[in-house]
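Protein chains in written order, with our numbering: chain A, 1 to 324; chain B, 1001 to 1351. Using N, Cα and C, we set each Cβ at its ideal position, and we do this for glycine too. Remarks on the structure that follows.
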Amino acid sequence: MPEFTMAAALNAALADALEEDPRTLVFGEDVGELGGVFRVTDGLQRRFGRERVFNTPIAEAGIAGLCVGLALTGWRPIAEIQFDGFSYPALDQVISHLAKYRMRTRGRVSMPVVIRIPSFGGIRGKEHHGESPETYFVHTAGLKVVVPSSPLDAYTLLRKAITDPDPVVFLEPKSRYWAKEEGELTSDGLPIGRARVLRNGDACALVAYGAMVARCLEAAEKLAPEGVECRVIDLRSLVPLDVEALADAARETGRVAVVHEAPQTLGMAAEIAARVMEVAFDHLEAPVARVTGLDVPYPPASLEHRFLPSVERIAAAVRRVVDY
Amino acid sequence: MRDTGPSDDMVRHVAPDGTAVGDVDVGLDEGDLRELLRLMVRARRLDRECMALQRQGELTVYPPFEGQEAAQVGSAFALGPSDFVFPSFRELAAAIARGVDVVEYLQYHRGTWHGGAYDPIAARFAPICVPVATQIVHAVGWALGAKLDGIGACALAYFGDGATSEGDFHEAANMAAVFRVPVVLFCQNNGWAISVPLSEQTAVPIARRAGGYGFPGVRVDGNDVLAVYAVTRAAVERARAGEGPTLIEAITYRIGPHTTADDATRYRAPEEVERWRRLDPIERYRRFLLGAGIVGEEFVAACEAEAEAWVAEVRTAVTALGPPPEDEMVAFAFAEPPTTLTREWRERTDA
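Encoded structure:
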């Protein structure tokens, strides 16, 4: 069985998309000769040429705006924003145009655009290099937002994002770029909009995405000897949200804990808690628990372990929910 | 107060009194020369009708373009059928010149849809764009796509003097130069960004900015339709020949308010407006055509009558526009609406 890091799987997804669809383009800051600061675009410019894989000036609004114009000419842009904290200059173009174009044009003009953003913390990064920007995008109607948690699924999700007719914000958990997984890469598999269950259990459902999925699996492993079997759900897709999977989990376990790196207030956990309450209130044995970052700006490297949900904090939350 | 008089470094073919300044042969035949007048007359008539329709409660807020007919019609007329326009929100005259379905265009101001109700791809005219300067980046993206496709077409972005203060103007201009794409950056410098005069917007003439990016910047008398046509035509040809972008600064004036919600008397003197009325682009061009014997008074009268009849038709069609089917709100947001959205909509409509 071949083995892939997430960076290699994403690189393969880009290469296969460029190979299969001559209308795809890859661009962003340093994505050419360097292959991107995380090497996700390594070798692509040499293989596909400088017209289809190219560097841009440092201009994030420009990068996102280019996508709009290119989509109008029938190209399929796959843009890279170098880091989460630098995606904010692009927000105007993403919110005001990418997300609205289909509606504005009565469905005539679609925006088959992927914006890849290395995101989230856990790499002892400097300020602006550990942000969780998902809520900004999730709250913007008209976008799809996906977050892979493992190499093989990262490949599948990126291939699906590239063929999607609507704009997809693709948040890559940079602390998992070097995580490895064995298996075959496939562009089939679960579509965007579907969550996957990575571990079964009936005591509590742990809901997470990105790098927190691995931590939830670890927490579940740790809790098993205590007789607490957790179901671990990898959301994958924040928009559309797989409410059915959440409803099933709540009905079947009666207990839900949501884990994310982003600050707590109006984070995904707030939305998930509300959805679970709406569809499975009568089945809940305990309030939905949130294990999240703090409502503070992302801290310096030496403190990030106290900001991010740890295996211990996740396990403690599950014990609280189970003992409620 | 801003210098509103003619400037020496401005390209001009026809003086404000309608007399020719040097060579007026811009490569248009007499049919085209007449068409420019016909389009400007139509545009002004519709603009005034829209102001009236807004006052009558038939349109929501409307941004008039009176005074800017030559800048818009002259530039749009220089484009070919494959070229693509990226307007801001005051380019109805350019839309008329490009043959955009104006009733569909006016859905935006009627409030029955957003600014892309017409078919932007077929019309080669992007949706009306309100966030200032953001459309300039789209034009550069389009031009990059056109260059990759080798279709020999160019994009033209319209924006105002205020837009040149935005970061997106800079990012677009810089990328246009670095990628050497076929794009024309067409600034209608009408002197005012709502209430802020040019002197509070920029410390250098706008056209001079182009030098910093590495492409030509041209100042043109924006109330001289032949000069506007000529400089735009040259920029379009340059773009199509692979020589990259051009910035055009058309010096013109917004005779009316920023929009129907604005009161321009609060920030500018009536004398300034009157001075610009005397520089009226349509009157200037009419005198030129009459003086050159290209048209007679009967042609001008026929243009006006034809515009009157056309605007009556547009008025009837626009005032007949009702709200779209409510479910279009849900149908067009995504190619396939998420189940969360369809459920929310169903619950609302079942209630």
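**Asked** Looking only at its own chain, which residues have a Cβ that is under 8 Å from the Cβ of V1102 (chain B), when we skip the five neighbours before and after it?
**Response** Position 102 of the second sequence, counted from the start, is the residue given in the question as residue 1102 (chain B). For V1102 (chain B), where only same-chain residues beyond five positions count, the Cβ hits under 8 Å are L1046, L1092, A1095, I1096 and V1314.
**Prompt:** Among residues of its own chain, excluding the 5 on either side of R1240 (chain B), which ones have a beta-carbon nearer than 8 Å to its beta-carbon?
**Reply:** Locating residue 1240 (chain B) in the second sequence gives position 240, counting from the first residue. Take R1240 (chain B), set aside five residues on each side of it, and the residues of its chain with a beta-carbon closer than 8 Å to its own are G1152, A1153, C1154 and P1182, in chain order.
**Asked** Ends of the alpha helix (DSSP H) at D30 (chain A)?
**Response** The sequence position of residue 30 (chain A) within the first sequence is 30, counting from 1. Element bounds for D30 (chain A): n/a, residue is neither H nor E.
**Request:** Mind listing the chain B neighbours of L72 (chain A)? Cutoff is C-beta to C-beta under 8 Å, in chain order.
**Result:** As a first step, residue 72 (chain A) is located in the first sequence; it is residue number 72 there, counting from the start. Simply F1084, P1120, I1121, A1126, H1138, G1141, W1142 and G1145.
**Message:** If I follow the unbroken beta strand (DSSP E) through P1323 (chain B), where does it start and stop?
**Reply:** Start at 1 with the first residue of the second sequence, and residue 1323 (chain B) comes out as number 323. First-last for P1323 (chain B): undefined, no H or E at that position.
**Request:** Examine the Cβ distances between the segment 1177-1193 of chain B and the segment 1027-1046 of chain B and report whether three or more of them are shorter than 8 Å.
**Result:** no
**Asked** Quick check: the segment 230-243 of chain A against the segment 183-202 of chain A, are there 3 or more CB pairs under 8 Å?
**Response** yes
**Prompt:** By the criterion of Cβ-Cβ separation under 8 Å, what are the contact partners of S110 (chain A) in chain B?
**Reply:** Stepping through the first sequence from its first residue, residue 110 (chain A) is reached at position 110. The contacting residues are A1335.
**Asked** Given that G1115 (chain B) touches chain A, what residues does it touch there, using C-beta distances under 7 Å?
**Response** As a working note, residue 1115 (chain B) is residue 115 in the second sequence. Chain A residues near G1115 (chain B): R104.
**Message:** Just to confirm the assignment, what range does the beta strand (DSSP E) spanning T5 (chain A) have?
**Reply:** The residue labelled residue 5 (chain A) in the question sits at position 5 within the first sequence. Counting along the chain, the beta strand (DSSP E) containing T5 (chain A) begins and ends at E3 to T5.
**Message:** Any beta carbon from chain B within less than 8 Å of V178 (chain A)'s own beta carbon?
**Reply:** Residue 178 (chain A) sits at position 178 when you count from the first residue of the first sequence. The sequence shown places Trp at residue 178 (chain A), not Val. Cβ-Cβ to chain B under 8 Å: no for W178 (chain A).
**Prompt:** Taking 8 Å as the CB-CB limit, is D92 (chain A) close to chain B?
**Reply:** To locate residue 92 (chain A), count along the first sequence from 1; it is residue 92. Closer than 8 Å to some Cβ of chain B, the Cβ of D92 (chain A) qualifies, so yes.
**Request:** Please state if the CB of T1259 (chain B) and the CB of P1063 (chain B) are separated by a distance shorter than 8 Å.
**Result:** Translated into positions along the second sequence, residue 1063 (chain B) becomes position 63. Translated into positions along the second sequence, residue 1259 (chain B) becomes position 259. Against a cut-off of 8 Å, the Cβ pair of T1259 (chain B) and P1063 (chain B) comes out as a contact.
**Message:** Measuring only from the beta carbon, is R236 (chain A) closer than 7 Å to any heavy atom that is part of the ligand MG?
**Reply:** Looking at this structure, you won't find the ligand MG or any other ligand, since it has none at all.
**Prompt:** How big is the Cα-Cα spacing for P1120 (chain B) and P1127 (chain B)?
**Reply:** Residue numbering aside, residue 1120 (chain B) sits at position 120 when the second sequence is read from its first letter. Residue numbering aside, residue 1127 (chain B) sits at position 127 when the second sequence is read from its first letter. Each residue's alpha carbon lies about 6 Å from the other.
**Asked** Roughly how far, in whole angstroms, is the beta-carbon of S132 (chain A) from the beta-carbon of G293 (chain A), given that I think they are within contact range, below 8 Å?
**Response** Here residue 132 (chain A) corresponds to residue number 132 of the first sequence, with the count starting at 1. Here residue 293 (chain A) corresponds to residue number 293 of the first sequence, with the count starting at 1. About 7 Å; that satisfies the 8 Å criterion.
**Prompt:** Any idea if H129 (chain A) is buried or exposed, counting beta-carbon neighbours within 10 angstroms, 16 or more meaning buried?
**Reply:** Looking up residue 129 (chain A) in the first sequence gives position 129. With 16 or more other Cβ atoms within 10 Å, it is buried.
**Item:** F48 (chain A) - containing alpha helix (DSSP H), residue span
**Value:** Translated into positions along the first sequence, residue 48 (chain A) becomes position 48. Its alpha helix (DSSP H) spans residues L44 to F48.
**Prompt:** For T1340 (chain B) and chain A, any beta-carbon pair shorter than 8 Å?
**Reply:** Numbered from 1 along the second sequence, position 340 holds the residue referred to as residue 1340 (chain B). True, the Cβ-Cβ gap to chain A drops below 8 Å.
**Prompt:** So who's on the other strand from T1246 (chain B), going by DSSP bridges?
**Reply:** Taking the first residue of the second sequence as position 1, residue 1246 (chain B) is located at position 246. Answer is B:V1184.
**Request:** Consider the Cβ of D166 (chain A): report whether some Cβ of chain B lies at a distance smaller than 8 Å.
**Result:** If you number the first sequence from 1, residue 166 (chain A) lands on position 166. It does; some Cβ of chain B falls within 8 Å.
**Item:** 8 Å Cβ cutoff, V1178 (chain B) in contact with chain A
**Value:** The residue given as residue 1178 (chain B) occupies position 178 in the second sequence. With 8 Å as the cut-off, V1178 (chain B) counts as an interface residue toward chain A.
**Message:** So for V1318 (chain B), helix, strand or coil by DSSP?
**Reply:** Taking the first residue of the second sequence as position 1, residue 1318 (chain B) is located at position 318. Helix, per DSSP.
**Asked** At what residues does the beta strand (DSSP E) containing H260 (chain A) begin and finish?
**Response** Within the first sequence, residue 260 (chain A) is the residue found at index 260, counting from 1. Unbroken beta strand (DSSP E) run through H260 (chain A): V256 to P263.
**Prompt:** Is the beta carbon of G189 (chain A) sitting closer than 8 Å to the one on T156 (chain A)?
**Reply:** Numbered from 1 along the first sequence, position 189 holds the residue referred to as residue 189 (chain A). Numbered from 1 along the first sequence, position 156 holds the residue referred to as residue 156 (chain A). In contact: G189 (chain A) and T156 (chain A) (Cβ atoms closer than 8 Å).
**Exposure of H139 (chain A), with buried meaning 16 or more beta-carbon neighbours within 10 Å** = Here residue 139 (chain A) refers to the residue found at position 139 when the first sequence is read from its first residue. Counting Cβ neighbours within 10 Å, H139 (chain A) comes out exposed, since fewer than 16 surround it.
**Asked** Looking at F1125 (chain B) and V1085 (chain B), is the spacing between their C-beta atoms short of 8 Å?
**Response** Here the question's residue 1085 (chain B) lines up with position 85 in the second sequence. Here the question's residue 1125 (chain B) lines up with position 125 in the second sequence. Taking 8 Å as the Cβ cut-off, V1085 (chain B) and F1125 (chain B) qualify as a contacting pair.
**Request:** Tell me V114 (chain A)'s beta-bridge partners as DSSP assigns them.
**Result:** By 1-based counting over the first sequence, the position of residue 114 (chain A) is 114. Beta-bridge pairing links V114 (chain A) to A:I78 and A:V168.
**Item:** Assigned secondary structure, A289 (chain A) (DSSP; H/G/I helix, E/B strand, else coil)
**Value:** Numbered from 1 along the first sequence, position 289 holds the residue referred to as residue 289 (chain A). Correct three-state label for A289 (chain A): strand.
**Classification of V1231 (chain B) by the beta-carbon crowding that lies within 10 angstroms, buried from 16 upward** = Mapped onto the second sequence, residue 1231 (chain B) falls at position 231. The residue in question, V1231 (chain B), is buried, as its Cβ has 16 or more Cβ neighbours within 10 Å.
**Message:** Counting beta carbon pairs with one atom in the segment 1054-1068 of chain B and one in the segment 1205-1218 of chain B, are three or more of them shorter than 8 Å?
**Reply:** no
**Asked** Can you find a CB in chain A that lies within less than 8 Å of the CB of G1191 (chain B)?
**Response** Locating residue 1191 (chain B) in the second sequence gives position 191, counting from the first residue. For G1191 (chain B), the answer is no, since every Cβ of chain A falls outside 8 Å of its Cβ.
**Message:** Just to check my reading of the structure: F27 (chain A) and F54 (chain A) have Cβ atoms closer than 8 Å, yes? What is that Cβ distance to the nearest angstrom?
**Reply:** On the first sequence, residue 27 (chain A) is found 27 positions in, with the first residue counted as 1. On the first sequence, residue 54 (chain A) is found 54 positions in, with the first residue counted as 1. Sure, about 5 Å apart at Cβ, within 8 Å.
**Within chain A, partners of N1174 (chain B) - CB distance below 8 Å** = As a position in the second sequence, residue 1174 (chain B) is number 174, starting the count at 1. The answer, in chain order, is P57, A59 and G62.
**Message:** Can you look up D1032 (chain B) in the DSSP assignment and give me helix, strand or coil?
**Reply:** Taking the second sequence and counting its residues from 1, the one referred to as residue 1032 (chain B) is at position 32. If DSSP states are grouped into helix, strand and coil, D1032 (chain B) belongs with the helices.
**Asked** DSSP on N11 (chain A), reduced to helix/strand/coil?
**Response** The residue given as residue 11 (chain A) occupies position 11 in the first sequence. If DSSP states are grouped into helix, strand and coil, N11 (chain A) belongs with the helices.
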